[in-house]
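There are 2 protein chains.
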Amino acid sequence: MLRSCAARLRPLLVAHGRPGGARLTSTFSFEEVTQKDHALPKPSWSKDLRLLFDQFMKKCEDGSWERLPSCSRHSVQRFQNFTKAFFSGSIPVKEEQISQAKFFPRSFEDGLGFEYAMFWSKDEKRIVCLFQGGLYLQGIPGFLHGGALVTLIDTTLGTHAMLAGGAVMTANLSINFKRPMPLCSVGVINTQLDKIEGRKLFVSCNIQSVDEKTVYTEGTGKKLLLSSCLASSLSLSPSFFFSFVLVYNPHMPINF
Amino acid sequence: MLRSCAARLRPLLVAHGRPGGARLTSTFSFEEVTQKDHALPKPSWSKDLRLLFDQFMKKCEDGSWERLPSCSRHSVQRFQNFTKAFFSGSIPVKEEQISQAKFFPRSFEDGLGFEYAMFWSKDEKRIVCLFQGGLYLQGIPGFLHGGALVTLIDTTLGTHAMLAGGAVMTANLSINFKRPMPLCSVGVINTQLDKIEGRKLFVSCNIQSVDEKTVYTEGTGKKLLLSSCLASSLSLSPSFFFSFVLVYNPHMPINF
Numbered sequence: 001m002l003r004s005c006a007a008r009l010r011p012l013l014v015a016h017g018r019p020g021g022a023r024l025t026s027t028f029s030f031e032e033v034t035q036k037d038h039a040l041p042k043p044s045w046s047k048d049l050r051l052l053f054d055q056f057m058k059k060c061e062d063g064s065w066e067r068l069p070s071c072s073r074h075s076v077q078r079f080q081n082f083t084k085a086f087f088s089g090s091i092p093v094k095e096e097q098i099s100q101a102k103f104f105p106r107s108f109e110d111g112l113g114f115e116y117a118m119f120w121s122k123d124e125k126r127i128v129c130l131f132q133g134g135l136y137l138q139g140i141p142g143f144l145h146g147g148a149l150v151t152l153i154d155t156t157l158g159t160h161a162m163l164a165g166g167a168v169m170t171a172n173l174s175i176n177f178k179r180p181m182p183l184c185s186v187g188v189i190n191t192q193l194d195k196i197e198g199r200k201l202f203v204s205c206n207i208q209s210v211d212e213k214t215v216y217t218e219g220t221g222k223k224l225l226l227s228s229c230l231a232s233s234l235s236l237s238p239s240f241f242f243s244f245v246l247v248y249n250p251h252m253p254i255n256f
Numbered sequence: 001m002l003r004s005c006a007a008r009l010r011p012l013l014v015a016h017g018r019p020g021g022a023r024l025t026s027t028f029s030f031e032e033v034t035q036k037d038h039a040l041p042k043p044s045w046s047k048d049l050r051l052l053f054d055q056f057m058k059k060c061e062d063g064s065w066e067r068l069p070s071c072s073r074h075s076v077q078r079f080q081n082f083t084k085a086f087f088s089g090s091i092p093v094k095e096e097q098i099s100q101a102k103f104f105p106r107s108f109e110d111g112l113g114f115e116y117a118m119f120w121s122k123d124e125k126r127i128v129c130l131f132q133g134g135l136y137l138q139g140i141p142g143f144l145h146g147g148a149l150v151t152l153i154d155t156t157l158g159t160h161a162m163l164a165g166g167a168v169m170t171a172n173l174s175i176n177f178k179r180p181m182p183l184c185s186v187g188v189i190n191t192q193l194d195k196i197e198g199r200k201l202f203v204s205c206n207i208q209s210v211d212e213k214t215v216y217t218e219g220t221g222k223k224l225l226l227s228s229c230l231a232s233s234l235s236l237s238p239s240f241f242f243s244f245v246l247v248y249n250p251h252m253p254i255n256f
């Protein structure tokens with residue numbers, strides 16, 4: 001079983017970057033022309049978010065930064081390939097459900113939920129995620145729910161770990177809440193890779209206000225680099241490790 | 001400023017339970033008749049969720065368990081009272097925005113997002129949250145996003161901490177992901193109070209499958225009991241501490 005999975009994983013690992021190998025950021029192109037790219041300005045974006053976005057688009061002109069496109073759905077084809085590649089049995093979700101499903105951070109109507117765009121610096125090896133938390137993300141009156149902030153942190157750290165190390169899975173998230181963040185305000189997530197210990201990547205980030213005077217939240221994540229040996233030692237299937245990362249979110253389109 | 005805040009907090013603390021004092025679970029009634037209670041069966045609920053719900057409703061008949069109602073919005077009146085009580089300045093959210101805002105875990109159309117109901121056992125001092133993760137909470141194809149699971153964990157642990165200790169705030173969340181959880185499947189969150197150290201409450205939970213054979217996720221949360229002294233020592237305003245808890249979610253309706 002493990003050997004079989006490893007054989008199926010091999011070409012995908014080569015295609016998407018092995019741990020320690022060259023990163024395939026050049027393949028970070030948008031998946032299908034039929035998919036809408038949500039990481040672009042919309043009428044619901046505030047002036048602050050738009051200004052920040054424009055600043056980072058300027059930085060992209062010399063190639064030192066790259067905007068990461070983002071879609072809201074996995075295609076049924078991707079789901080079929082995914083289950084075929086990584087699940088010997090079936091998973092209890094029907095294909096017609098997948099065609100209706102949406103990627104959680106992209107599942108709201110424009111302006112009501114998560115509005116965000118990520119930028120990756122190849123030189124600085126970090127991601128900046130610019131976001132605005134909409135009216136449907138409320139926790140206490142007037143402020144964003146902690147779970148909404150964790151959702152963005154998880155998504156951004158996961159993307160960083162994939163770009164930095166190759167195929168990984170999220171093992172742990174630890175979040176410190178510092179200040180409540182007002183609804184509809186704009187925040188900036190800055191990520192960094194803290195260290196690598198064996199196959200563990202330790203990534204961290206914080207969420208700051210636009211003027212950088214307020215730190216709302218800090219987050220750290222432990223990501224495990226994909227390894228069939230590691231998967232075996234933890235009694236987890238390699239399919240779980242791989243799938244958890246490689247198709248972790250639509251920011252990293254996979255073409256099997 | 002602190003004295004002023006403390007004076008305004010005093011009657012609310014008395015009304016809603018001081019740390020170490022008797023809990024006012026008898027006041028855990030539904031807030032306003034105009035608000036819809038979302039913690040009740042809907043056509044979108046699966047058979048599994050409905051069966052579990054019925055089992056716990058049976059347990060409520062002798063009073064040992066209590067179903068916790070849940071609404072999706074804070075009223076403008078609550079927002080006004082909240083800001084008046086806890087913010088000397090203004091917060092950058094307009095009242096018309098608050099009237100449109102929704103509590104994050106209740107912000108989806110029926111069946112697409114979070115469907116859940118919480119039950120509190122006064123005798124066992126624990127919460128059981130029964131939930132179903134809808135099609136708009138997708139992470140990898142066919143599975144729930146980690147941020148969606150954290151949102152439910154944060155909400156459930158916060159409610160437990162409030163019932164167990166009084167007014168608290170979330171200081172930290174630590175989440176271990178064990179297995180991916182299929183979209184549309186039903187999970188059960190079981191919470192417990194692990195220990196109290198001074199004004200810190202340590203609560204934890206896990207998410208299991210209905211048959212209890214699979215642990216999907218484990219979570220721990222550190223909650224700080226409200227204290228103006230503690231708030232002062234951490235350079236946080238008492239208003240933040242209190243507000244973060246007392247109006248932390250609509251499961252705990254507050255009538256100022």
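Quick mapping for you: the protein sequence lines, in order, are chains A and B. Counting from 1, position 146 in the first sequence corresponds to residue 146 in UniProt numbering; the numbering is continuous, with no gaps. Counting from 1, position 111 in the second sequence corresponds to residue 111 in UniProt numbering; the numbering is continuous, with no gaps. Idealized CB from N, CA, C, for every residue including glycine.
Classify residue i: buried if its beta carbon has 16 or more other beta carbons within 10 angstroms, exposed otherwise.
i              : result
Glu115(A)      : buried
Pro41(A)       : exposed
residue 282(B) : It is not possible to answer for residue 282(B), since the shown part of chain B is limited to 1 through 256.
Pro92(B)       : exposed
Ile207(A)      : buried
Ser72(B)       : buried
Leu51(B)       : exposed
Ala231(A)      : Confidence in Ala231(A) is poor, its pLDDT being 37 and thus under 50, which makes the residue's placement too unreliable to answer from.
Looking only at C-alpha atoms, which of the options sits nearest to residue i?
i         : options                                    : result
Lys122(A) : Val93(A), Gln80(A), Gly165(A), Val150(A)   : Gly165(A)
Gln35(A)  : Leu52(A), Phe103(A), Pro43(A), Ile175(A)   : Phe103(A)
Asp194(A) : Ser46(A), Lys223(A), Asn176(A), Glu212(A)  : Lys223(A)
Gly134(B) : Gly158(B), Glu109(B), Asn176(B)            : Glu109(B)
Leu137(B) : Gln138(A), Leu144(A), Thr151(A)            : Thr151(A)
Ser46(A)  : Leu144(A), Phe131(A), Glu124(A)            : Phe131(A)
Leu144(A) : Thr217(A), Glu124(A), Gly63(A)             : Thr217(A)
Val215(B) : Leu201(B), Val203(B), Phe177(B), Phe202(B) : Phe177(B)
Leu149(B) : Phe56(B), Gly63(B), Ser64(B), Arg179(B)    : Arg179(B)
Gly113(A) : Lys125(B), Gln100(B), Trp120(B), Glu124(B) : Gln100(B)
Leu68(B)  : Ile196(B), Trp120(B), Glu212(B)            : Trp120(B)
Just to confirm my understanding: we take residue i, look at its own chain, exclude 5 residues before and 5 after, and list those with CB closer than 8 Å. What are they?
i         : result
Pro156(B) : Reading off the sequence, residue 156(B) comes out as Thr, not Pro. The answer, listed in chain order, is Met118, Ile127, Cys129, Ile189, Thr191, Cys205.
Ser174(A) : Gly219, Thr220, Gly221
Ser26(A)  : Since pLDDT at Ser26(A) reaches only 30, below the 50 mark, its modelled position is unreliable, and no value is offered.
Starting from the C-beta of residue i, find all residues in its chain whose C-beta is less than 7 Å away, skip the five residues before and the five after it, and write them out in chain order.
i         : result
Ile98(A)  : His74, Val76, Phe79
Gly142(A) : Pro182, Leu183
Glu61(B)  : none
Gly139(B) : His145, Gly146
Phe28(B)  : Low confidence applies to Phe28(B): its pLDDT is 37, below 50, so where it sits in the model is not reliable enough to give any reading.
Phe53(B)  : Pro41, Ala117, Leu130
Lys125(A) : Ala164, Leu193
Lys213(A) : none
Using C-beta distances below 6 Å, list every residue in its chain close to residue i, excluding the 5 sequence neighbours before and after it, in chain order.
i         : result
Val210(A) : Asp48, Val186
Gly111(B) : Ser44, Gly134
Lys59(B)  : Trp65
Glu95(B)  : Val76
Asn172(B) : Lys222
Throw me the rounded Cβ distance for the residue i and residue j pair, which I believe falls under 8 Å.
i         : j         : result
Asp154(B) : Gly147(A) : 5 Å
Any heavy atom of the ligand PLP inside 7 Å of the beta-carbon of residue i?
i         : result
Ile153(A) : The ligand PLP is not part of this structure, which contains no ligands at all.
Which residues, taken in chain order from the region 126-152 of chain B, show a beta carbon closer than 7 Å to some beta carbon of chain A? Within the region 126-152 of chain B, those residues whose Cβ lies closer than 7 Å to any Cβ of chain A are, in chain order, Leu135, Tyr136, Leu137, Gln138, Gly139, Ile140, Pro141, Gly142, His145, Gly146, Gly147, Ala148, Val150, Thr151.
Counting only Cβ-Cβ distances shorter than 7 Å, please list the residues of the region 159-177 of chain A near chain B, keeping chain order. Here the close residues are Thr170, Ala171, Asn172, Leu173, Ser174, Ile175, Asn176, Phe177.
By the 9 Å beta-carbon criterion, what residues does the region 36-48 of chain A contribute toward chain B? From the region 36-48 of chain A, no residue has a Cβ closer than 9 Å to chain B.
Looking at chain A, which residues of the region 180-192 of chain B have a Cβ within less than 9 Å of any of its Cβ atoms? Those would be Pro180, Pro182, Leu183, Cys184, Ser185, in chain order.
The region 94-106 of chain B: positions lying closer than 8 Å to chain A by Cβ: Correct list: Gln97, Ile98, Gln100, Ala101, Lys102, Phe103, Phe104, Pro105.
Near-chain B residues of the region 50-70 of chain A - C-beta to any C-beta below 9 Å: Listed by position along the chain: nothing, the set is empty.
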